[in-house]
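Position one of the sequence shown corresponds to residue 1 (UniProt numbering), numbered consecutively onward. Quick reminder that beta carbons are idealized off the backbone N, C-alpha and C, glycines included. Quantities reported herein were computed from a predicted structural model and do not represent experimental measurements.
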Amino acid sequence: MKLETAKSLLLVVLIGTSMILTFGMWNYQADYDPLSERSVEGALNGVEKSVDDIVMPSEIIFKQEGNYYTHATPNLKEQFYNSLQELRITEMERLPAEEERTPSNYEIEVIFPQEVPFLLFDRILQLEDEAAPFPTFSIDRFYITFEPNSKSLQLEFISIDGREKVVAEVTSTARYEEVWDEMNRLQSEDYQRMTLIEGTENDFYIPREVPAMQPISIFFTQMNKSVLQEMLFENTSGIRGSATPGNGYLYATDVRQLTIERNVMEYIYLEQPEAISDLNLIENSIQNINGHSGFTEDFRLMNIDNNTITYQMYYDGHPVFQGSSSDISTIKQTHSNQHLLEYKRPAIYLDTTDIIRKTKKEMRSGEEILEELVDNEIDMDSVNDLKVGYKIQVETDDNGDYVSMEPEWFMKINNNWSAVPYYQPGAAAKGGD
């Protein structure tokens, strides 16, 4: 009798244990929820950005009878571009492109740092011809020419492969006069002369003269590690934490890993990558970063490569490139067709209310830069672009950590940006090293 009672009690215990385990399995939520499907509103206290805030031109060039001009300040350039975005563009027509485009004596070239799908321009410009089919090709620039007889503007978008183009019109006489007025003021102080650099994969332009620029220092604060964990992990109670060799922190689950080290956050989601179109990559990435208010500084599209999108920091209208410390000048995301796989970004907030401004620095002219590169045997065919920007790096003094921003010339070689060195006279460099 005692044996039967013991068996009954054991059976009850086993059934109860089974029910508990089954209930736990029903209610268990594995850490599979991808970041692209999550939204932590306001987590990083940044601003929400739209496509037209992110996809911005790197240059706007006015061409007048073989001479090249641009606006004297980034602010003037952005004001003019904003006015272009207000143009009502109609009469769109898709055509085969000529073998080589013949420039007009008077035209405007709007250049972007990265080729983007033409479909995006439905949200960047006011394309109002709903009957016209939108092509799937990508562009990295468009042209505006003048039709004086009809007092209209013609816009020309040429595909990257040069085989197709879309031609459209702005028929407003008032808008025509506004844009033409820019061409009549190119000799004023609001504009500066540019030099065309030919012979590279893409032609580019550099300023002949660069006004003195002001180095600055900005204090910063660290992002809250708990906020980053809650933003990136579905279930923070299952996170394993440890220190890193670089005095940072590593947080991980079976499928996710977050490293916070040297003022940079790097997140990895373990999944096989799947192909994604550039259009979906741009849309998904902007939506994802907006979901946690992640545009904490002025970031703009700079590059797209193999499912990875890079946003470059800008300050006062100039690009900011990394110095010798860890990269706090970019946001990078890698997406698959469904999920966010990698996310690397600054883990700091710049305190732009407390800026230390230093004595203005005289800048080398465009002609001096070209002479230095040639004299030091830099292969100009390997140089894809030259720009004036800021070199940012983390510094420390008695008052704490801060970032310094030093105005410099930068060159782009093999899709990588680096500061143009101050070469010593007669000291030749080899191949861009």
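Minimum Cα-Cα distance from E169 among the listed residues N82, K151, E178 and E209 corresponds to K151. Counting only residues of its own chain and dropping the five nearest sequence neighbours on each side, Q222 has a CB closer than 7 angstroms to the CB of A347 and I348. Around the beta carbon of I356, fewer than 16 other beta carbons sit within 10 angstroms, so the residue counts as exposed. DSSP, read as helix, strand or coil, puts I289 in helix. Each of E93, V179 and T308 was checked against the Cα of Q114, and the nearest Cα belongs to T308. Note: H71 is bridge-paired with Y191 in the DSSP secondary-structure output. The distance from the Cβ of Y315 to that of Y390 is about 6 angstroms, consistent with a contact at the 8 angstroms cut-off. F80 has no beta-bridge partner at all, per DSSP.
Short of 8 angstroms from the beta carbon of Q85, and not among the five residues preceding or following it, lie these beta carbons of its own chain, in chain order: D52, I124, L125 and Q126. Within the same chain, Q114 and T310 come within 6 angstroms of N303 by CB-CB distance, once the 5 residues on both sides are set aside. The three-state secondary structure of Y269, taken from DSSP, is strand. Judged by beta-carbon spacing, R193 lies within the 8 angstroms limit of Y68, meaning their Cβ atoms are closer than that value.
A Cβ-Cβ contact shorter than 8 angstroms links L87 with R175. Taking 8 angstroms as the cut-off, the Cβ atoms of V403 and I392 count as close. Of the residues I413, I239 and I206, the one whose Cα lies closest to the Cα of A252 is I239. The C-alpha of I206 lies about 33 angstroms from the C-alpha of Y343.
For T173, the uninterrupted alpha helix (DSSP H) run begins and ends at T173 to M183, by DSSP.
Apart from the 5 residues on each side of it in sequence, E406 sits with its Cβ closer than 6 angstroms to the Cβ of P215 and K391 in its chain, given in chain order. The three-state secondary structure of M363, taken from DSSP, is coil. Across the structure, N414 and V383 are spaced so that their CA atoms are roughly 8 angstroms apart. At the C-beta level, I218 and L44 stay beyond 8 angstroms of one another. About 6 angstroms separates the Cβ atoms of E109 and R141, confirming a contact at the 8 angstroms cut-off. By the neighbour-count criterion, in which a residue is buried when 16 or more other Cβ atoms sit within 10 angstroms of its Cβ, N263 is buried. Rounded to the nearest whole angstrom, the CA to CA distance from D327 to I89 is 40 angstroms. Here L44 carries a coil assignment [DSSP, helix/strand/coil]. The continuous beta strand (DSSP E) containing K412 extends over residues G400 to I413. For the 8 angstroms CB-CB criterion, F295 and K49 form a contact.
Leaving aside the five residues that flank D161 on each side, the residues in its chain whose CB is nearer than 8 angstroms to its CB run, in chain order, F137.
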